[in-house]
Amino acid sequence: MTAVHQFVPALLPRDATGDHTRALRDAFVAAGWESRIFAEAAHDEICDEAIHYTDYPSYAGPDDVLLYQVGTASPVSEFLLSRREPLVLDYHNITPGHFYAGWEDETAARVGRAREQLAALAPRAVLGIADSAYNAAELAELGCRRTEVVPIVVDVDGWAEDPDPAALAELAASRAASGPVWLFVGRLSPNKAQHVLVEALWLARRWFDPDTRLHLVGPAVTGAYAQALDGFVDELGLAGAVRRGEHLSPAELAAWFRAADVFVCVSEHEGFCIPLVEAMRFDLPIVALAAGAVPETAGDAAVLLGSSRPATVATAAHRVATDDRLRGVLAAAGRRRLASFDPARSRQRFLEVLGALAGAPVAS
Amino acid sequence: MGIVTAMPELSGATSADPSDYLQQVMAEIDAEVARRRASGDLPAGLERELDELFLEFSPVGAQGQTRLRESLSLVDGSAYVDIAVPVESNKRAGRLVKRTVRSLTRFYVDFVVHQIVRFAWAVSRLAHQLVDRLEELESEVAALRPPPVPAAAVPVADDGGAWWAPTAVEALGPATGRVLHAECGAGSLVAAMLAAGIDAYGVDPSEPAVETAAAAGLDVRAEGAADHLDVVPTEGLAGIVMPASLQWCDPTERARLVALAASRLAVGGILVLHSSTPAGWVRRAPTLLADLAPGRPLHAETWAHLLAEHGLAVTSTRTGGGSAGLDRMDGALPGAASVNAAIDLVEQALLGPDEYLVVATRER
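So the protein sequences, as listed, match chains A and B. For the first sequence, the residue numbers in the numbering used here are 172 to 535. For the second sequence, the residue numbers in the numbering used here are 1130 to 1493.
This is the structure in structure tokens:
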């Protein structure tokens, strides 16, 4: 029987990698394959879906293919290096450590270790699957012999649920009393450069509209960066203009998307950037720095900036937030672009490439 | 929304191709930023100041003696390890158990903590010594640093009529893109280049000079050379006339400017550099500038060496400028010809040319 087992450092609910892993497992099982998830750790909510990775030998079969969802540094990497089964890497990018240097040395060391582990695994893998050409190029550079680009299995339709009514009502009331609302969704982290958004906001309020607001949604990865950002916001007198959202449910997140005028991303390093796809799903026009895989993910559904100079970001964000014709063009392009991330197509492509490795016929 | 300043409306583009339209939007955004820069809405260096302000809140950006001493206090505070483990508990038995464990392990904890504290204090002491030494060095360096050059002592450039202007214009003739005159003063050389069909523009930190140039219809902006080059795209210029202050600025600043200029010049681009000779500087530099300038002019050969490090090959060097310092005899007087010839020789041997012009091309 065809068997493709997945390994992941941590299996988490409401997490892009966790959702992707579970969606693939379901697709493999639906295709009649044997498929289990092995993890170093799993969230209580879904711990019955994962098996500790060290228990894999008791499940191992002669024709197994192992698919590793590369994330952070983990002993799972070392475990897989010791295995003889064909190994496939599914790579969603690891932020280079230099972004954290000086901010949080522990995080810098951890991602550095993750990259070292990836460099050891890449030449050993029979295939590297990446969700962007940008990530595929990184895999190839690390010695991966063969790479395929397959978009991450993101359940776009799952985001279509109605926004949380209470959150939406509160955000809408606040919006009615303010100027344009800029939104960014992503971890508070130096590589995401939220401080540049704050600088741009300060300029936009001086130049265009003193009531412009910035909404930042996402957890803090490094406490030092979040703390610095808070201090900076206070110093610039923007405490009332910057609002942070953390640990939001999907319905609450939908409300934040609905209550924004423009999605602004000046992240300096992105391997794919799912929030761009989320913005497209909510018809929210995008302004983004053309860095990493962002141009590839956004396509023509964004105003792509060649520089993250605050003056440029402020001007572009204000323009997009207030120019109806431009908003219409970007939203329409976003809807077209969404078709490229059809989860059914991604699932099918995963079945094809992995089925070929595992010697399984795949019905389309 | 209360828009304070509306941006210029779209220039009525009705292009059907969204990518053409987005390109046009980007061009309009860039033009808007350039307009704000030129109008003084975006003072030179403001964006850098915002970045620096943010860094003051970061652990990497901790600057100045106060921050250093604050950090040192943190080290001192953390160097003490409390071995009195709390034994409070909601349950009586729990308290007893904790107490017992504390008593039983005390000898072991004492032994480990003693070593940790010794190490921590050694590190703290070393940090104190380093900070003390650093403060000493900083005060010594501050004493050696010359006072700032008064702005009034820096001559505003009027290079269009200089002896080297025709050579510079001729050298830049083949440039097939934008040519920047850094520190262009009232723009006389920019005007000469435009007259020769060169797509020239200028920047200068002197606002009165820029106003004069702008009144003459020239594209000149109120910015310093480094601030401007910072925002020019890589390989975005076909030619650069380097600023006059390059010859006497601080060596670190000089190296930064040269590196910036080299990176902003396209391959095949032309760089023109005018400087006093070291001897000419001594003879002719304004007194305050000569005494207080942090750097000194280099020989033309040294420039050839420095530029080569950035992929620039010197294609021509021309000396000139500065009239002879010695008076000639009236030619009608007997023996005047031989005396004047001797004066020429003395001048050449002792005085030499006051200035030179270097033309270089970026080869790689």
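We treat Cβ as the ideally placed atom computed from N, Cα and C, and that holds for glycine. As the structure is a prediction and not an experimental result, all values here were calculated from the model.
Taking only the alpha-carbon atoms, compute the straight-line gap between residue i and residue j and give it to the nearest angstrom.
{"i": "A:Ala473", "j": "B:Gly1326", "result": "37 Å"}
{"i": "B:Leu1532", "j": "B:Ala1271", "result": "Only positions 1130 to 1493 of chain B appear in this structure, which leaves residue 1532 of chain B out of reach."}
{"i": "A:His223", "j": "A:Arg193", "result": "16 Å"}
{"i": "A:Arg284", "j": "A:Leu252", "result": "15 Å"}
{"i": "A:Leu460", "j": "B:Phe1248", "result": "46 Å"}
{"i": "A:Ser206", "j": "A:Glu216", "result": "20 Å"}
{"i": "A:Val484", "j": "B:Asp1170", "result": "15 Å"}
{"i": "B:Leu1427", "j": "A:Phe428", "result": "59 Å"}
{"i": "B:Glu1157", "j": "A:Val458", "result": "14 Å"}
{"i": "A:Pro184", "j": "A:Ala462", "result": "28 Å"}
{"i": "B:Asp1288", "j": "B:Arg1307", "result": "19 Å"}
{"i": "A:Glu423", "j": "A:Asp197", "result": "27 Å"}
{"i": "B:Ala1414", "j": "B:Pro1407", "result": "10 Å"}
{"i": "A:Ala279", "j": "A:Pro267", "result": "8 Å"}
{"i": "A:Gln519", "j": "A:Arg286", "result": "29 Å"}
{"i": "A:Leu501", "j": "B:Asp1146", "result": "12 Å"}
{"i": "A:Ala212", "j": "A:Val179", "result": "9 Å"}
{"i": "A:Tyr271", "j": "A:Pro361", "result": "6 Å"}
{"i": "B:Pro1276", "j": "B:Leu1462", "result": "51 Å"}
{"i": "A:Val241", "j": "A:Asp276", "result": "21 Å"}
{"i": "B:Phe1240", "j": "A:Glu249", "result": "35 Å"}
{"i": "B:Cys1313", "j": "B:Ala1304", "result": "18 Å"}
{"i": "A:Ser479", "j": "B:Leu1417", "result": "40 Å"}
{"i": "B:Gly1331", "j": "B:Gly1397", "result": "20 Å"}
{"i": "B:Ala1281", "j": "B:Gly1424", "result": "18 Å"}
{"i": "B:Val1319", "j": "A:Ala375", "result": "33 Å"}
Along chain A, in chain order, which residues have C-beta atoms closer than 7 Å to that of residue i?
{"i": "B:Leu1151", "result": "Asp471 and Val474"}
{"i": "B:Asp1170", "result": "Trp378"}
{"i": "B:Glu1161", "result": "Thr486"}
{"i": "B:Ser1148", "result": "Asp471"}
{"i": "B:Val1252", "result": "By Cβ distance, chain A contributes nothing, its closest Cβ being about 15 Å from B:Val1252, past 7 Å."}
{"i": "B:Arg1307", "result": "Simply none; closest approach about 16 Å."}
{"i": "B:Ile1158", "result": "Thr483, Thr486, Ala487 and Arg490"}
Measure the beta-carbon distance from residue i to residue j and round it to whole angstroms, keeping in mind my assumption that it falls under 8 Å.
{"i": "B:Ile1245", "j": "B:Leu1309", "result": "Not really, about 59 Å apart at Cβ, beyond 8 Å."}
{"i": "A:Ala181", "j": "A:Ala210", "result": "6 Å"}
{"i": "A:Phe434", "j": "A:Phe379", "result": "So it is not a contact: roughly 18 Å between Cβ atoms."}
{"i": "A:Leu400", "j": "A:Leu359", "result": "6 Å"}
{"i": "B:Asp1444", "j": "B:Ala1489", "result": "The residue you asked about is not Asp; residue 1444 of chain B is Thr in the sequence shown. That belief holds up - the Cβ atoms of B:Thr1444 and B:Ala1489 are roughly 6 Å apart, short of 8 Å."}
{"i": "A:Leu310", "j": "A:Ala291", "result": "Their Cβ separation, rounded to whole angstroms, is 13 Å, which puts A:Leu310 and A:Ala291 out of contact at 8 Å."}
{"i": "A:Asp432", "j": "A:Pro351", "result": "5 Å"}
{"i": "B:Ala1497", "j": "B:Val1401", "result": "Any question about residue 1497 of chain B goes unanswered here, given that chain B covers just 1130 to 1493."}
{"i": "B:Leu1389", "j": "B:Leu1436", "result": "In fact, because the Cβ distance is near 13 Å, the residues do not count as touching under 8 Å."}
Use the C-beta contact count for residue i: other C-beta atoms within 10 angstroms, 16 or more gives buried, fewer gives exposed.
{"i": "B:Lys1220", "result": "exposed"}
{"i": "A:Gly189", "result": "buried"}
{"i": "B:Arg1378", "result": "In the sequence as displayed, the identity of residue 1378 of chain B is Cys instead of Arg. That one is buried."}
{"i": "B:Ser1202", "result": "exposed"}
{"i": "B:Glu1492", "result": "exposed"}
{"i": "B:Met1322", "result": "buried"}
{"i": "B:Gln1192", "result": "At B:Gln1192 the pLDDT is 49, less than 50, meaning the model places this residue with poor confidence and gives no usable figure here."}
{"i": "B:Gln1376", "result": "buried"}
{"i": "B:Asp1420", "result": "exposed"}
{"i": "A:Cys218", "result": "exposed"}
Against residue i, what residues of chain B qualify as contacts under a CB-to-CB distance less than 7 Å, listed in chain order?
{"i": "A:Val388", "result": "Within 7 Å Cβ-Cβ: nothing; A:Val388 doesn't reach chain B, min ~20 Å."}
{"i": "A:Leu497", "result": "Val1154"}
{"i": "A:Val500", "result": "Pro1147 and Tyr1150"}
Is residue i near the ligand PLP, judged by its Cβ being under 8 Å from some heavy atom?
{"i": "A:Ala492", "result": "Ligands displayed in this structure: none; no statement on the ligand PLP is therefore possible."}
Show which residues of chain B have a CB atom less than 8 Å away from the CB atom of residue i.
{"i": "A:Phe403", "result": "Leu1182, Phe1183 and Phe1186"}
{"i": "A:Pro481", "result": "Glu1176 and Leu1179"}
{"i": "A:Ala504", "result": "Pro1147"}
{"i": "A:Ala395", "result": "Ser1187 and Pro1188"}
Could you tell me which chain B residues have their CB closer than 9 Å to the CB of residue i, listed as they occur along the chain?
{"i": "A:Ala279", "result": "Going along chain B, no residue has its Cβ under 9 Å from A:Ala279, so there is no contact; the nearest lies around 11 Å."}
{"i": "A:Leu399", "result": "Inspection of the sequence shows that residue 399 of chain A is occupied by Ala rather than by Leu. Near A:Ala399 (Cβ distances below 9 Å), the residues of chain B are Phe1183, Leu1184, Glu1185, Phe1186, Ser1187, Pro1188 and Gly1190."}
{"i": "A:His269", "result": "In chain order: nothing, as chain B lies at least about 12 Å away."}
Name the chain A residues that come within less than 8 Å of residue i, Cβ to Cβ?
{"i": "B:Val1360", "result": "Ser478 and Arg480"}
Decide yes or no for the touch test of the region 1473 to 1483 of chain B against the region 1282 to 1292 of chain B: beta carbon pairs closer than 8 Å, at least 3 of them.
no
Say whether the region 1228 to 1238 of chain B touches the region 1205 to 1219 of chain B, bearing in mind that this needs 3 or more beta-carbon pairs closer than 8 Å, one atom from each stretch.
yes
Taking 8 Å as the threshold, find out whether the region 407 to 422 of chain A comes into contact with the region 377 to 390 of chain A through three or more Cβ pairs.
With a cut-off of 8 Å, the region 377 to 390 of chain A and the region 407 to 422 of chain A count as touching, because enough Cβ pairs lie within range.
Does the pairing of the region 394 to 401 of chain A with the region 509 to 521 of chain A give three or more beta-carbon distances under 8 Å?
no
Do the region 465 to 472 of chain A and the region 494 to 512 of chain A meet, that is, are 3 or more Cβ pairs less than 8 Å apart?
yes
The region 437 to 448 of chain A in contact with the region 300 to 311 of chain A per 3-pair CB rule at 8 Å:
Cβ pair count under 8 Å is three or more, so yes.
Counting Cβ pairs closer than 8 Å, one from the region 287 to 301 of chain A and one from the region 311 to 319 of chain A, do we hit at least three?
yes
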